[in-house]
Amino acid sequence: MDTTECNQGNGYDHSNFGIRVSSIFVIFAGSLIDPGVLLPFAAVRSKRLRVPDWVLTIMKYFGSGVIIATAFIHVSRHGFYHPSHILTRLANNQQLLAPATEALNSPCLSGPITEYSWAEGIALMSIFFMFFIELMATRFEALRHESQDLETVNLFIKSQFKAGKSSNNACTLPSSHQTRPANGVEEQGLRDPTFDDAIAGTENDVLVSPTSVNHQIAYDDNLAVQLTAIFILEFGIIFHSIFIGLTLAVTPNKDFKILYIVLTFHQTFEGLGLGTRLIDIASQPKKNWIFWVLALAFSLTTPASIALGLSIHESFSPDSRSMLMVNGIFDSISAGILIYTGLVELMAHEFMFNPTMRTAPMTTVLFAFLNMCLGAGLMAMLGKWA
């Protein structure tokens, strides 16, 4: 394909400009409010709504299915493509990582990038990179937990002595905190007066139970793991939302209306899926600001990208070599992140490693599974038009 055909512009014309501008506000409202990210939050926090638990279950697992399907069937950019591009896509039956594969396999590109399946390769590298990040985060949390555990034991011993425990009635730690003597120190060293003086507390010390402190440590560890997973999910969603907005802004009029409708549903359902994950943060008094930051970041990304696309429509060419490479690489990264998050966090952790689901009745498990399939199926169906 010659250079002229590959850089012939985006097909944008100035008609229906008002409708294009309206998409900024409609998609923002759908992503954030109706139903969007805030619907699960309102359902949980509002005393007036009194939403039944089964409705929350539908929203949670339906949203999970939407996110999983998005990883494989992104919003396609076939509205930009010339007939030869569409025929190539149909001949290759490209479904997995659709837009990334389309972009990086475009006839407009040449050289080494066309000699390897880079879309799948980049997605694979993203999956392993995300796994490495979560693995390291888990390891660091485990080390921090061990350090805090030792501090809890020391604090408990100090508080016991400060409370007036006699040396003949030494405190006995719970079994989870009993340790063998180390470095040649005998157990009776705990009752040695010198040892008593060394660990004697101050007047401001209070009696602390290691059990209550460890509950807080375990709670903090679980919250840290949740935050890591949510940040990874948000990162992947925002990545491809940028190009969704740019795509809609410069889509030719003959394709704009159908893409407008489909993208509104796409962002709405995706916001619902993200919102069901963010409500766990919103319930924490000191962490609820993170909910609002992440909710607004998702809701504003696509509208901001639409506004950017409208402002640069004269110079923006989605079929240019540079744009094809950037779009293909970013879509591949986003797909890898969402595949990892979907399969590991939303499927494996939710169904197989979640104590609640492992002990739940079979009807509850099947109900959740079918709702996840429904969300994935609906998103896959939307992929027919966008």
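Just so you know, we're using this note's numbering here: the sequence shown kicks off at 1 and counts up by one. We treat Cβ as the ideally placed atom computed from N, Cα and C, and that holds for glycine.
Span of the alpha helix (DSSP H) around residue i
i           : result
residue 48  : Run containing residue 48: none; DSSP gives neither H nor E here.
residue 116 : Run containing residue 116: none; DSSP gives neither H nor E here.
residue 347 : Here residue 347 belongs to no alpha helix (DSSP H), and DSSP marks it neither H nor E.
residue 26  : 17–32
residue 384 : Note, residue 384: premise wrong, no alpha helix (DSSP H); not H, not E.
residue 360 : Residue 360 -> no alpha helix (DSSP H), and no H or E assigned at all.
residue 332 : 321–340
residue 65  : 53–72
residue 306 : 288–311
residue 37  : Residue 37 -> no alpha helix (DSSP H), and no H or E assigned at all.
residue 318 : Looking at the DSSP string, residue 318 is not in any alpha helix (DSSP H), and its letter there is neither H nor E.
residue 99  : 98–104
Nearest-angstrom Cβ-Cβ length linking residue i and residue j, presumed shorter than 8 angstroms
i           : j           : result
residue 239 : residue 330 : 6 angstroms
residue 337 : residue 235 : 6 angstroms
residue 372 : residue 70  : That belief does not hold up - the Cβ atoms of residue 372 and residue 70 are roughly 13 angstroms apart, past 8 angstroms.
residue 276 : residue 134 : Incorrect: roughly 20 angstroms between the Cβ atoms, too far for contact.
residue 106 : residue 324 : 5 angstroms
residue 68  : residue 377 : That pair is no contact at about 11 angstroms.
residue 281 : residue 232 : 14 angstroms between Cβ atoms; not a contact.
residue 264 : residue 27  : 6 angstroms
residue 375 : residue 111 : Not confirmed; about 39 angstroms, so no contact.
heavy atom of the ligand ZN below 7 angstroms from residue i C-beta
i           : result
residue 110 : Questions concerning the ligand ZN fall outside what the structure shown contains, since it holds no ligand whatsoever.
Where residue i falls, given that 16 or more other Cβ within 10 Å makes a residue buried
i           : result
residue 118 : buried
residue 348 : exposed
residue 267 : buried
residue 40  : buried
residue 116 : exposed
residue 16  : exposed
residue 206 : At residue 206 the pLDDT is 44, less than 50, meaning the model places this residue with poor confidence; the figure from the coordinates comes in the next sentence. Label assigned to residue 206: exposed.
residue 65  : buried
residue 319 : buried
residue 182 : Confidence is the limiting factor: at residue 182 the pLDDT is only 48, short of 50, which leaves the residue's position unreliable, though a coordinate-based value still follows. Per the 10 Å Cβ criterion, exposed.
residue 363 : exposed
residue 365 : exposed
residue 138 : exposed
residue 99  : buried
residue 131 : exposed
residue 121 : exposed
residue 32  : buried
residue 200 : Here residue 200 scores only 47 on pLDDT, less than 50, and its place in the model should not be relied on; the value that follows carries that caveat. The residue is exposed, with fewer than 16 neighbouring Cβ atoms inside 10 Å.
residue 312 : exposed
residue 314 : exposed
residue 91  : Below a pLDDT of 50, predicted positions are generally treated as unreliable, and residue 91, at 34, falls in that range; no measurement from the model is reported.
residue 353 : exposed
residue 382 : buried
residue 25  : exposed
residue 101 : buried
Open item on the list: Between the segment 29–45 and the segment 264–284, can you find at least three pairs of beta-carbon atoms closer than 8 angstroms?
Closed with: Touching, per the Cβ criterion.
- [ ] Determine, using beta-carbon pairs with one atom in the segment 50–59 and one in the segment 290–309, whether at least three such pairs fall under 8 angstroms.
- [x] In the pairwise beta carbon analysis, the segment 50–59 is classified as not touching the segment 290–309: fewer than three pairs are separated by under 8 angstroms.
Open item on the list: Would the segment 243–255 count as touching the segment 298–312 if we require 3 or more Cβ pairs under 8 angstroms?
Closed with: Result yes; three or more Cβ-Cβ pairs closer than 8 angstroms.
TODO: Count the CB pairs spanning the segment 252–261 and the segment 349–361 that are closer than 8 angstroms, and state whether there are at least three.
DONE: No, because fewer than three Cβ pairs between the segment 252–261 and the segment 349–361 fall closer than 8 angstroms, the two stretches do not touch.
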